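Numbering (the numbering used here), first residue to last: 18 to 300.
No residue lacks a Cβ here, since even glycine has one placed at the ideal position from N, Cα and C.
Just so it is clear, the structure is predicted and the values come from calculations on it, not from any experiment.
I have placed the structure first, in the form of structure tokens, so that the comments after it can refer back to it.
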């Protein structure tokens, strides 16, 4: 029996995690040197964003340790795993994938296969959902991995920020660093390519930035009748996310899966308040 382990940065709804028996390893958020919170149970999204916007202490984040992944592998083994598949957020933006691999090398009980999604948030969530459903349908691990590799190639993720300041402070700004210092009242639109954030456009108003984001999602899958999977997330902007999803639902004629949710503390610390993200993948 194959069991799936993932980090909490996938932000899958709890009911799906429970339905598919996925073992989640939490990322952590820190306020100063003494306050450390597990993002699953340690701090709510509402409290996190309140503190992010009102306190002077800038939160930092940390990956799970190899020991925490080992604990998850042991739980999966007790649940009957004969093989474990681990999916993580991008290894080029976090050390989470490396920690998972380190733990896999230390776990002789059953084989462990680690897969770097090269994505974030519900981009990873769409991959996990696909793998979980294929697993329940009885597909073999090589077939599941082949599908995940195809999704990694085809999945496009677009991120709209209210400001680059949080990304800059968190050290995850990547190739968008050239924009720093020139973005007063500009809304940056980013995309993920091979696990790294790349600047896509800078737009003067939020409304126009959302229109540009929708145009990019539609262009990523030019034939609106192609079956697709969608993922949408927000950081304290549920109405804007709902608008994006409603527009995409009216555009694509065959949406096989649409996941939505809130960006949690560890990604929110870098994206900042009012961020939006949309992922689309041909199915």
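Alpha-carbon to alpha-carbon, residue j and residue i
i, j, result
"residue 303", "residue 237", "An answer regarding residue 303 cannot be provided, because it is not within the stretch 18 to 300 covered by the chain."
"residue 259", "residue 296", "14 Å"
"residue 277", "residue 123", "35 Å"
"residue 216", "residue 204", "11 Å"
"residue 106", "residue 221", "30 Å"
"residue 47", "residue 165", "32 Å"
"residue 12", "residue 121", "No answer is possible for residue 12: it lies beyond the span of the chain, which begins at 18 and ends at 300."
"residue 54", "residue 62", "12 Å"
"residue 143", "residue 242", "19 Å"
"residue 226", "residue 51", "38 Å"
"residue 233", "residue 267", "16 Å"
Identified DSSP bridge partners for residue i
i, result
"residue 20", "101"
"residue 48", "52"
"residue 126", "DSSP, once it has assigned bridges, lists no residue as partnering residue 126."
"residue 278", "250"
"residue 207", "176, 216"
"residue 79", "45"
"residue 299", "245"
"residue 293", "177, 251"
"residue 132", "104"
"residue 40", "22"
Residue i - DSSP class collapsed to helix/strand/coil
i, result
"residue 248", "strand"
"residue 288", "helix"
"residue 149", "helix"
"residue 154", "coil"
"residue 273", "strand"
"residue 72", "coil"
"residue 221", "coil"
"residue 109", "coil"
"residue 58", "coil"
"residue 192", "Legend: pLDDT at residue 192 = 48, less than 50; position of this residue unreliable, no value from coordinates given."
Beta-carbon proximity list for residue i, same chain, < 6 Å, skipping 5 on both sides
i, result
"residue 128", "100"
"residue 130", "102"
"residue 85", "42"
"residue 33", "none"
"residue 219", "203, 205"
8 Å Cβ cutoff, residue i in contact with chain E
i, result
"residue 226", "Looking for chain E here will not work: only one protein chain is present."
Neighbourhood of residue i by C-beta, 7 Å cutoff - its chain only, sequence neighbours within 5 removed
i, result
"residue 81", "24, 42, 43, 44, 113, 116"
"residue 211", "135"
"residue 179", "204, 289, 290, 291, 292"
"residue 156", "none"
Beta-carbon proximity list for residue i, same chain, < 8 Å, skipping 5 on both sides
i, result
"residue 19", "98, 99, 100, 101, 102, 152, 158, 161"
"residue 148", "21, 102, 104, 161, 164, 165"
"residue 108", "114, 115, 133, 135, 212"
Between the stretch 87 to 98 and the stretch 64 to 72, can you find at least three pairs of beta-carbon atoms closer than 8 Å?
These segments do not touch.
So does the stretch 270 to 287 actually touch the stretch 70 to 79, counting three or more Cβ pairs closer than 8 Å?
Output reads yes: the stretch 70 to 79 touches the stretch 270 to 287.
Between the stretch 240 to 256 and the stretch 267 to 276, do three or more beta carbon pairs fall short of 8 Å?
Using a C-beta cut-off of 8 Å, the stretch 240 to 256 makes contact with the stretch 267 to 276, since at least three inter-stretch Cβ pairs fall below that distance.
Pairing CB atoms from the stretch 134 to 152 with CB atoms from the stretch 165 to 179, are three or more of them under 8 Å?
A contact exists between the stretch 134 to 152 and the stretch 165 to 179.
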